[in-house]
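Heads up: the structure comes next, in structure tokens.
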Amino acid sequence: MGRWQVLPYQAPILPIHIALLRTGKVLVVAGSGNNPSNTSDQNLLNACAVWDVTAGSFTRPAIPLNASGHPLDLFCAGHSFRSEGHLMVAGGTIRYDPFQGLPTALFFDPGTGNWLTKPSMHHGRWYPTVLTLGSGRIFALSGLDENGNLNNQPEIYSVTFANGWNAFPSTSRIPMYAQLFLLASGRIFFSGGCMGSNNGVGPRVLTIPGTFSQAITETPVSGLAAANATDQATSVLLPPAQAQRIMILGGGDPSGIAVNRVAIADFTAATPTYATAPSLRFARMHVNAVLLPDRTVFVCNGSRMGENTSTSMLPAEIYNPATNTWTTAETPSVPRVYHSVALLMPDGRVITAGGNPSRGTNELRLEIYSPSYMSRPRPVIQSAPTTSKYGATITIQTPQAATIKWVSLIRASANTHSCDTEQRLVDVPITARTSTTLTASVTGRSNIAPPGFYMLFITDNNGVPSVATWIQLS
Numbered sequence: 004m005g006r007w008q009v010l011p012y013q014a015p016i017l018p019i020h021i022a023l024l025r026t027g028k029v030l031v032v033a034g035s036g037n038n039p040s041n042t043s044d045q046n047l048l049n050a051c052a053v054w055d056v057t058a059g060s061f062t063r064p065a066i067p068l069n070a071s072g073h074p075l076d077l078f079c080a081g082h083s084f085r086s087e088g089h090l091m092v093a094g095g096t097i098r099y100d101p102f103q104g105l106p107t108a109l110f111f112d113p114g115t116g117n118w119l120t121k122p123s124m125h126h127g128r129w130y131p132t133v134l135t136l137g138s139g140r141i142f143a144l145s146g147l148d149e150n151g152n153l154n155n156q157p158e159i160y161s162v163t164f165a166n167g168w169n170a171f172p173s174t175s176r177i178p179m180y181a182q183l184f185l186l187a188s189g190r191i192f193f194s195g196g197c198m199g200s201n202n203g204v205g206p207r208v209l210t211i212p213g214t215f216s217q218a219i220t221e222t223p224v225s226g227l228a229a230a231n232a233t234d235q236a237t238s239v240l241l242p243p244a245q246a247q248r249i250m251i252l253g254g255g256d257p258s259g260i261a262v263n264r265v266a267i268a269d270f271t272a273a274t275p276t277y278a279t280a281p282s283l284r285f286a287r288m289h290v291n292a293v294l295l296p297d298r299t300v301f302v303c304n305g306s307r308m309g310e311n312t313s314t315s316m317l318p319a320e321i322y323n324p325a326t327n328t329w330t331t332a333e334t335p336s337v338p339r340v341y342h343s344v345a346l347l348m349p350d351g352r353v354i355t356a357g358g359n360p361s362r363g364t365n366e367l368r369l370e371i372y373s374p375s376y377m378s379r380p381r382p383v384i385q386s387a388p389t390t391s392k393y394g395a396t397i398t399i400q401t402p403q404a405a406t407i408k409w410v411s412l413i414r415a416s417a418n419t420h421s422c423d424t425e426q427r428l429v430d431v432p433i434t435a436r437t438s439t440t441l442t443a444s445v446t447g448r449s450n451i452a453p454p455g456f457y458m459l460f461i462t463d464n465n466g467v468p469s470v471a472t473w474i475q476l477s
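Just so it is clear: in the sequence shown, position 473 is 476 by the numbering used here, and no numbers are missing.
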């Protein structure tokens with residue numbers, strides 16, 4: 004059986020944004036935290052924390068200042084990891100009611116624990132989506148601009164661009180926090196999951212042209228049931244990434260009622276469409292899904308109705324792609340709705356945090372889920388490479404080599420608002436073994452595994468994973 008544990012300490016700020024760093028520590032960002040009274044310089048300066056989960060402690064890096072000398076408000080930015088392990092954080096909040104977006108772009112350096120200011124985007128983005136491409140460049144889409152209008156102009160960041168960012172012509176009204184996935188083809192799939200209204204824009208594949216003067220091509224993907232119930236659904240690239248199957252689950256309809264709809268699109272098909280899959284056991288929006296190293300999907304958080312904590316004490320659920328079945332797991336102690344997050348740690352546990360059912364009501368308790376494999380004898384990685392090139396062969400030392408079923412790379416999560424464009428599990432096929440070593444082949448395709456840092460897990464024939472080591476893929 005799995006086990007939930009509420010930690011004996013709390014988060015110092017509301018964990019609206021959360022990202023696992025290559026150091027094994029967790030970056031937590033609140034910004035003004037959905038509270039306009041928190042926009043004073045002192046509050047914004049202290050609006051992020053680095054959580055050492057092992058030590059149970061927090062450090063508080065200072066937020067950078069704008070041109071006027073005031074700290075930036077990173078509430079409702081977007082984020083994804085760069086190849087060297089820096090976290091790109093783009094956008095944020097200029098003002099409340101009506102909301103307007105910052106054009107700011109920053110890096111957080113896990114090594115120094117400091118923020119780095121980068122060239123700003125062309126226009127502001129509040130509730131944007133940020134996605135790392137196979138080239139290592141960063142793609143930004145949607146969000147409200149500096150005037151409070153939907154920013155329909157996608158753009159790409161690269162250190163090789165003179166001004167940092169180059170923009171494309173406008174797209175259709177792709178919604179805020181659009182759940183985007185990099186496909187093996189290099190195209191991008193919008194799963195349909197989003198924050199708030201989908202603006203009548205359904206799932207679609209985006210094809211990036213070779214020049215910035217051309218518009219991105221949009222190809223609709225049909226078959227999604229309950230197509231208007233995508234508000235704070237969540238989506239995942241099912242393991243392994245090579246299978247190219249994307250699942251959307253849960254979400255709320257325009258009246259704020261959650262659904263238990265699950266659908267899967269197979270991108271190895273000539274014409275991908277959604278097909279309905281077995282439903283969640285519990286309808287939920289504000290939902291999070293975490294890929295586990297036993298290649299199942301752990302689903303937690305959320306509510307049957309909007310920001311209603313009285314309908315949010317829902318058991319977790321686990322989906323097994325191999326059997327296409329759901330299993331009900333244990334029930335957490337802390338209700339989590341809007342602004343809740345979850346991510347996988349290198350030891351195989353899942354941390355959950357946040358919850359903000361109304362302005363000024365902040366859930367600061369932290370809870371960790373230990374899957375059932377945590378209580379079983381686990382394989383051990385004695386040594387493994389810390390870097391690898393695409394297409395390379397790696398050797399892993401383990402006394403359990405004879406019983407290892409999988410070698411997996413799991414990209415660290417960076418999530419907010421049920422949206423996580425980073426998360427993916429990449430199979431590293433075992434090509435040879437001895438009694439104490441595994442030889443495995445790393446993918447040669449950067450669109451399957453974008454450059455950067457991954458957790459390297461080995462998992463045995465009983466579905467029990469090791470503790471991960473870190474490896475940088477380039």
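Don't be surprised by glycine CBs; every beta carbon is placed ideally from N, CA and C.
Please state whether DSSP places residue i in a helix, a strand or coil.
| i | result |
| --- | --- |
| residue 182 | coil |
| residue 450 | coil |
| residue 349 | coil |
| residue 113 | coil |
| residue 1 | The displayed coordinates of the chain run from 4 to 477. Any statement about residue 1 would go beyond what the structure contains. |
| residue 39 | helix |
| residue 372 | strand |
| residue 378 | helix |
| residue 103 | strand |
| residue 122 | coil |
| residue 343 | strand |
| residue 469 | coil |
| residue 19 | coil |
| residue 11 | strand |
| residue 98 | strand |
| residue 361 | strand |
| residue 91 | strand |
By a C-beta neighbour count over all protein chains shown, 10 Å radius and 16 as the cutoff for buried, is residue i buried or exposed?
| i | result |
| --- | --- |
| residue 253 | buried |
| residue 372 | buried |
| residue 81 | buried |
| residue 264 | buried |
| residue 25 | buried |
| residue 55 | exposed |
| residue 392 | exposed |
| residue 176 | exposed |
| residue 295 | buried |
| residue 466 | buried |
| residue 76 | buried |
| residue 383 | exposed |
| residue 394 | exposed |
| residue 147 | buried |
| residue 458 | buried |
Using a threshold of 8 Å, state whether the C-beta atoms of residue i and residue j are closer than that.
| i | j | result |
| --- | --- | --- |
| residue 266 | residue 274 | no |
| residue 99 | residue 59 | no |
| residue 185 | residue 464 | no |
| residue 362 | residue 38 | yes |
| residue 302 | residue 292 | yes |
| residue 344 | residue 368 | no |
| residue 339 | residue 468 | no |
| residue 93 | residue 131 | yes |
| residue 440 | residue 472 | no |
| residue 227 | residue 205 | yes |
| residue 30 | residue 21 | yes |
| residue 47 | residue 35 | yes |
| residue 6 | residue 187 | no |
| residue 183 | residue 193 | yes |
| residue 262 | residue 232 | yes |
| residue 195 | residue 260 | no |
| residue 96 | residue 104 | yes |
| residue 247 | residue 270 | yes |
| residue 134 | residue 121 | no |
| residue 422 | residue 160 | no |
| residue 477 | residue 23 | no |
| residue 178 | residue 145 | yes |
| residue 318 | residue 328 | no |
| residue 111 | residue 136 | no |
Contact the segment 118-127 vs the segment 145-159: 3+ CB pairs below 8 Å: yes
Whole beta strand (DSSP E) elements within the segment 127-188, 3-residue minimum: 132-135, 141-144, 158-160, 168-170 and 183-185
Whole runs of the beta strand (DSSP E) within the segment 280-337, excluding any shorter than 3 residues: 291-294, 300-303, 320-323 and 328-331
Every unbroken beta strand (DSSP E) within the segment 35-84, with a cutoff of 3 residues, ordered by chain: 51-55, 60-62 and 81-84
Touch test, the segment 428-442 against the segment 393-413, Cβ-Cβ under 8 Å, three pairs minimum: yes
Continuous beta strand (DSSP E) assignments of at least 3 residues falling wholly in the segment 375-445: 396-400, 407-414, 428-430, 433-436 and 440-444
Length at least 3, wholly inside the segment 204-267: the beta strand (DSSP E) runs in chain order: 207-210, 220-223, 237-240 and 248-252
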